[in-house]
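A quick write-up on the structure given underneath.
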Amino acid sequence: MAGYKGSIIVEGGRPLHGTVRVPAAKNSVLPLLAGVLLCGEPVRLRAVPRLADVEGCITLLQGAGLAARWENGDLLLSGSPVCSTLPGETAAQMRASILFCAPLLARLGRAETALPGGCRIGARPIDLHLEGLARMGAQELDAGPGRLVLTAPAGLHGAEITLRFPSVGATETLILAAVCAKGRTVLRGAAREPEIADLADFLNRCGGKIEGAGSSTVCIEGRRQLSGCVFSPLPDRIFASTLACAAAVAGGRVELAGCPPRLYAPVLEILEQMGCRVERSGKNACVSRYGSLKGVGRVFTGVYPGLATDAAPPLAAALLCAGGESSIEDVIFERRFGCAEGFLRLGGRVNVTGRTLHIRPLPPGQSLAGSRLVAPDLRGGAALVLAALAAEGKSEIRQAGYIDRGYADFTKILAGLGAQIRRETAPRAERVKKTPSKK
27 MAGYKGSIIV EGGRPLHGTV RVPAAKNSVL PLLAGVLLCG EPVRLRAVPR
77 LADVEGCITL LQGAGLAARW ENGDLLLSGS PVCSTLPGET AAQMRASILF
127 CAPLLARLGR AETALPGGCR IGARPIDLHL EGLARMGAQE LDAGPGRLVL
177 TAPAGLHGAE ITLRFPSVGA TETLILAAVC AKGRTVLRGA AREPEIADLA
227 DFLNRCGGKI EGAGSSTVCI EGRRQLSGCV FSPLPDRIFA STLACAAAVA
277 GGRVELAGCP PRLYAPVLEI LEQMGCRVER SGKNACVSRY GSLKGVGRVF
327 TGVYPGLATD AAPPLAAALL CAGGESSIED VIFERRFGCA EGFLRLGGRV
377 NVTGRTLHIR PLPPGQSLAG SRLVAPDLRG GAALVLAALA AEGKSEIRQA
427 GYIDRGYADF TKILAGLGAQ IRRETAPRAE RVKKTPSKK
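Sequential numbering from 27 applies to the sequence shown in the numbering used here.
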């Protein structure tokens, strides 16, 4: 799995123009890859983005005994799991690794992994996952610090489960557990994100029987084993949101093709309130900004169909350039705005109190100025790139590998729209050749 090294260099002040086809959603592809463990026949996932997190999931699948290869942008997967222990270093770096436990329990009766990691944006407990799996017959063994071992000696069985919070990850875990469990599972209080409906669609095409995915109540009739299929994951609404915010930050006109505007409607609606023009047609949206931006007051993230937590930092970058006060409160993660320090280095007038980022307008005649920045996490790193597009002069965003976890070809796409941006794969200190000392 790729590290977080490397830098992105941005020369700000250039508007964006052009069309981008939105790629498949990272947040859909990762649970789909976990679902492949349940399939007894080959699976082809169409047009999968080459992300660091996708490569990490492939490593997990290969560690379990599956074969994986790329073919013309598609990902081909085959085989059955033979090993219940997931590769420790990879699992520890990825939050999505928890999704692989339920299929391993269903197929092998055991799952062992490092406790899942991911971006440091706040507490991301897996208690809802474990409570639901326990209701279905799973047992947690004492495995020591940093390890998770689950067993299901008698196999998984259906259950009535009500989630205390509509967790996306827990909903996906329990669907993956139930689809091949004995009997019927009813999951109430489920998350309603479109990526969950996409997972259910995939599992149903492989022979599962899932009803109600995308609503708060999901019913699953267990099947002994699934087959395989050819499947196209849904488009990435967070990638589309980020590029829409990039158009607002830099100015110009950007058309986002292939992603229905309803999937990221809150972002588009807020950009309209800020003074952008948004044109919607079928699966496309076009975002234009030629005048100044306005503040929007208080904004809150929320569970779907509210403003996505992952879209909050890119939207904050747009609000950084607005002429009025704004604030964004993230109700999901308490440290969502690690990008605030970078905003300050660029000259932004921001401060964080609790879960809320407060943004004040710049004084008249003053603009953001380029600076050396450090990406704090995936979405925060993308937000710093966007803010740098509006800054005068050069910015360097280090630890850009964070951004590779969720944005394939990010610099290439922005450069294609007219941004002056490039990627450097090694930190500056590693690029300087040492001069031999004279004796």
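Note that the Cβ used here is the ideal one computed from N, Cα and C, for glycine as well.
- Taking Pro49 as the centre and dropping the five residues before and after it, the same chain places the C-beta of Ala73, Pro75, Pro261, Asp262, Phe265, Ala434 closer than 8 Å to its C-beta, in chain order.
- For Phe326, the uninterrupted beta strand (DSSP E) segment begins and ends at 323–326.
- Between the region 227–237 and the region 269–281, the count of Cβ pairs shorter than 8 Å is below three; the stretches do not touch.
- Counted as a single uninterrupted DSSP element, the stretch harbouring His384 is not any alpha helix (DSSP H) but the beta strand (DSSP E) occupying residues 382–386.
- Taking all protein chains shown into account, Asp168 has fewer than 16 neighbouring C-beta atoms within 10 Å of its C-beta and is therefore exposed.
- With 16 or more other Cβ atoms from the protein chains shown falling within 10 Å of its own Cβ, Leu125 counts as buried.
- In the three-state scheme derived from DSSP, where H, G and I count as helix and E and B as strand, Lys309 is classed as coil.
- The beta strand (DSSP E) runs of length 3 or more contained entirely in the region 174–254 are, from start to end of the chain, 186–188, 210–214, 235–237, 243–247.
- In this structure, Ala132 sits near Ala207, with a CB-CB distance shorter than 9 Å.
- The C-beta separation of Leu174 from Thr139 comes to about 5 Å, placing the pair in contact by the 8 Å criterion.
- For Gly114, the closest C-alpha among the options Ala94, Leu130, Pro107, Gly89 is that of Gly89.
- The closest CA to that of Arg136, considering only Thr116, Ala122, Met120, Gln165, is found on Gln165.
- Cβ contact annotation for Met300 (same chain, cutoff 7 Å, sequence separation greater than five): Ala274, Leu319, Lys320, Val322, Ala344, Ala348, in chain order.
- Taken in chain order, the complete beta strand (DSSP E) segments of 3 or more residues contained in the region 54–137 are 69–71, 93–97, 100–104.
- Under DSSP, Leu167 takes part in a beta bridge, and its partners are Val175.
- In the structure shown, the three-state DSSP call for Pro390 is coil.
- In terms of Cβ geometry, Cys285 and Asn310 form a close pair [threshold 9 Å].
- DSSP, reduced to helix, strand and coil, places Phe265 within a helical segment of the structure shown.
- Here Lys320 carries a coil assignment [DSSP, helix/strand/coil].
- Pairing Leu77 with Asp430 gives a Cβ-Cβ distance under 9 Å.
- Distance between Ser267 and Arg381, taken at the CA atoms: about 21 Å.
- Counting along the chain, Arg161 sits inside no beta strand (DSSP E); it lies in the alpha helix (DSSP H) bounded by residues 153–161.
- When C-alpha distances from Gly407 are compared across Gly66, Leu103, Gly364, Leu388, the shortest belongs to Gly364.
- The Cβ-Cβ distance between Leu92 and Ser106 falls below 9 Å.
- Taking 8 Å as the upper bound for CB-CB distance, Gly240 and Arg218 are in contact here, some 6 Å apart.
- CA-CA distance, Leu59 to Val280, rounds to 31 Å.
- Around Ala180, the same chain offers Gly163 as residues with beta carbons nearer than 8 Å, after the five sequence neighbours per side are excluded.
- Under the three-state reduction of DSSP output, Phe257 falls in the strand class.
- DSSP lists Val36 as the bridge partner or partners of Ile447.
- Ala283 and Leu341 have their C-alpha atoms roughly 20 Å apart.
- DSSP places Leu345 within a helical segment (H, G or I) once states are collapsed to three.
- By the CB criterion at 9 Å, Thr335 and Phe369 fall outside the cutoff.
- If you ignore the 5 residues before and after Ala203, its C-beta comes within less than 7 Å of the C-beta of Ala128, Leu131, Ala132, Leu159, Met162, Leu182, all in its own chain and listed in chain order.
- Rounded to the nearest whole angstrom, the C-alpha separation of Gln119 and Pro142 is 7 Å.
- Taken atom to atom, the span from the alpha-carbon of Leu154 to that of Val108 is near 27 Å.
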